[in-house]
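Input: a single structure, listed below in structure tokens.
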Amino acid sequence: MTGMHLGRDRVTLIAGGVALAVYATLFASSYDQRILTLSGVYVIMVLGYQFIFGHSGALSLAQGAFFGVGAYVTGIVGSQFGTGFLITFPLSIALATLLAAIVAAPVLRLASHYFALATLALNQLLLVIAVNWESVTGGANGIPGVPPVILFDWQVGRGLPLLVFVWALAAAAMLIAHWQLRPSRVSSFTVMRETPLAAPAFGIEPGLLRFRAFLFSAAFGGAAGALFVHTNRVVSPETLGFGIMVTCLTMTVVGGRFRIAGAVIGALLLTHLPEWFRGLDEYYLVAVGFLLLAMVVFAPNGLAPLFLRAGEPSRLSKTIAGDIEPPAKSTAGLVIEGLSKRYGGVRALDGASLQVEPGEIVGLIGPNGAGKTTLANLVTGIERGDAGHVERASANLSVLSATAIARSGIARTFQTSQLPDELTVRQVVSTAAVNLGSTAPADKVVNGALALCKLSDDADTHCGTLPHGVRRRVEIARAIAGDPGVLVLDEPAAGLADEEQRQVADICRALAHAGTAILLIDHNLEFLRTSVTRLACMDAGRIIMEGPFDTVLADPAVRAAYFGMADQ
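Here it is as structure tokens:
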């Protein structure tokens, strides 16, 4: 079925490209060719915007700024210094990218609407500079007389030659986007966008991934701005106006923010809609607005998915018996020394210390609010402690980022399962395996984790459709895909039926037998009794007792803290 879908998609794309070429060559007037040329320019801009708005999920309002920077660099350098396209074009891309790199440090730390407002402020700042710096930018009148595209001794004339040239660059931009958006990276973007809390546990560095997307959006925006100026032969503050940003955003939403074909569909449609509705006179904006609103309501993912089907996940080799047994782990366990953490006036951890040896399953119990999840967060780097440290193989992990800790061999699951609904089980596990740097072949790692967690039959099911018990095992499969030496499980048996609890216990024992050190946090004592080799109890941020299972439960302090019972 995958090959059939891909073949159908290729036929659709080729047919659309041929139809567009035939129309542009044989039927389009000079004015129509100019509109098609502008469409190609917008395709490049939207392709860049898909990186940051689509795949990263960040509402950037700076794409118009990068577009304007590219336009002004080409306009100023080309018209005032007589510099040719072979210099102005890469210079426009480079300066737009440099601007993005400069503002990335403060801007990318912001979230949601704060990020949108900050990027909008950048756009407005550049617009004010363009209007008021008349000696360089020409002020409100702009800079006329921008030279045409000249390649060596060939001048690309207006009309069909410029149309072909722009669309050739648009095709090159599509190839670059396709190269950058390989399946593993798209899956990483999906994890970062849908489950940001779990991204480090997948081995993903969210800041680096978002930074890369921001730079690519700027580079494509700068390229589009340069071509826009060569098409119009004049640069003005309109290239930095908010209208350009709105146009880009609308094209991305209408076409589809995740598919390369969506950039083409959105750009072609939105550049032609005003022409098609021009006969409606003063009502044409109402008609366009109504059409776009209907599209957003009935096709929220854009038009591209209506024409092209998403490919199914690639199949890995069939699981073999040898894959089911986990590989032997290193001999390094986990050492927690004096961890403390305050939230305002609340002391969540108060000098907690615990040690988990390789091949050992240490159960951790305690009343709600005892600090168990906070301990897991500090061990895995999700939060920073106020005092104390975490060691593995004599290395202090407390100074590392959460992603670095995950890549060093400490994996975890979450109290509430963190799985991106759009990905299949296989994609989730393979994304973790790739980003965590597993040294074994991908198919062996993924199939081994799926088989151990009894997920082979659900491998190609989307996580959003899975029942709760299966999602718990998927999280464990994701955690072990990086072949960790330490595994922290936060209430993996919560809400599971008896048979599902037995499955999780079997997985834990198999991993411990292979040498994994497991810290198992849970409230279910029957589940812990069949799983752990040692039990620890936590209360008020401290480990108050640890030792054999029955010994810990018989301790008066544990009975008072955990069961609310006082010995008479």
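Sequential numbering of the sequence shown, starting at 2, is according to our numbering. For every residue, glycine included, the Cβ atom is placed at its ideal position computed from N, Cα and C.
Assign C454 to one of three DSSP states: helix, strand, or coil. DSSP places C454 in coil when its eight states are reduced to three.
Among G389, V336, Q428, I151, nearest to V487 - alpha-carbon criterion: Here the closest residue by C-alpha is V336.
Please go through the same chain and pick out, in chain order, the residues whose beta-carbon is closer than 6 Å to the beta-carbon of E423, but skip the five residues on each side of it. The answer, listed in chain order, is T191.
Proximity to I45 [Cα-Cα], best of A443, F217, I366: Nearest option by C-alpha distance: F217.
At which residues does the alpha helix (DSSP H) containing H514 begin and terminate? Segment 499-514, the alpha helix (DSSP H) holding H514.
Closest residue to N233 among R343, D154, I36, R427 (Cα-Cα distance): Checking every option, the nearest Cα to that of N233 belongs to I36.
Output needed for A288: all residues of its chain with C-beta closer than 7 Å, excluding positions within five of it in sequence on either side, in chain order. Apart from sequence neighbours up to five positions away, the residues of its chain that approach A288 with a beta-carbon distance below 7 Å are F278, L281, ordered along the chain.
Whole angstroms is fine: what's the gap from G1's alpha carbon to S93's? Beyond the ends of the chain as shown, which are 2 and 569, falls residue 1; an answer cannot be given.
Can you name, in chain order, every residue of its own chain whose Cβ lies under 8 Å from the Cβ of S402, other than the five neighbours on each side? For S402, where only same-chain residues beyond five positions count, the Cβ hits under 8 Å are P201, E206, G382.
What would DSSP say about E384, mapped onto helix, strand or coil? Under the three-state reduction of DSSP output, E384 falls in the coil class, being neither helix nor strand.
Residue interval of the beta strand (DSSP E) (run including E338): For E338, the enclosing beta strand (DSSP E) starts and ends at 335-344.
Could you compute how far the alpha carbon of Y43 sits from the alpha carbon of G160? Y43 and G160: Cα-Cα distance of roughly 17 Å.
Which term fits V74, buried or exposed, when burial requires 16 or more other beta carbons within 10 angstroms of its beta carbon? Result: buried.
Determine the closest residue to D540 out of T375, S80, G496, with distance taken between C-alpha atoms. Out of T375, S80, G496, T375 has the C-alpha closest to the C-alpha of D540.
Could you tell me if V150 is buried or exposed, where buried requires 16 or more neighbouring beta carbons within 10 angstroms of its beta carbon? The residue is buried, with at least 16 neighbouring Cβ atoms inside 10 Å.
Taking only beta-carbon atoms, is A561 less than 7 Å away from chain D? Looking for chain D here will not work: only one protein chain is present.
Less than 8 Å between the CB atoms is what I'm expecting for S409 and R385, so what's the real figure, rounded? Going by Cβ atoms, the distance from S409 to R385 rounds to 16 Å, so no, they are not a contact pair.
With distances taken between CB atoms, is the gap from V236 to I144 smaller than 7 Å? It is a contact, given that the beta carbons lie within the stated cut-off.
Three or more beta-carbon pairs under 8 Å between the stretch 79-93 and the stretch 111-128, yes or no? Counting Cβ pairs under 8 Å, fewer than three are found: no touch.
Hey, is the stretch 70-84 in contact with the stretch 179-198, meaning 3+ C-beta pairs nearer than 8 Å? At 8 Å Cβ cutoff, the stretches do not touch.
DSSP three-state label for I261, please. DSSP places I261 in helix when its eight states are reduced to three.
Closest to L520 by CA distance: which of C509, A174, V167, L526 is it? It is C509 whose Cα lies nearest to the Cα of L520.
Mind checking who H390 pairs with in its DSSP beta bridge? According to DSSP, which records beta bridges pairwise, H390 is partnered with E338.
Would you kindly check if the distance between the Cβ of R479 and the Cβ of V446 is under 7 Å? Against a cut-off of 7 Å, the Cβ pair of R479 and V446 comes out as no contact.
On the three-pair Cβ rule with 8 Å, is the stretch 22-37 touching the stretch 169-185? No, they do not touch.
Integer-rounded CB distance, given that L355 should sit under 8 Å from A537: L355 and A537 do touch by the CB rule: their CB atoms are close to 6 Å apart, below 8 Å.
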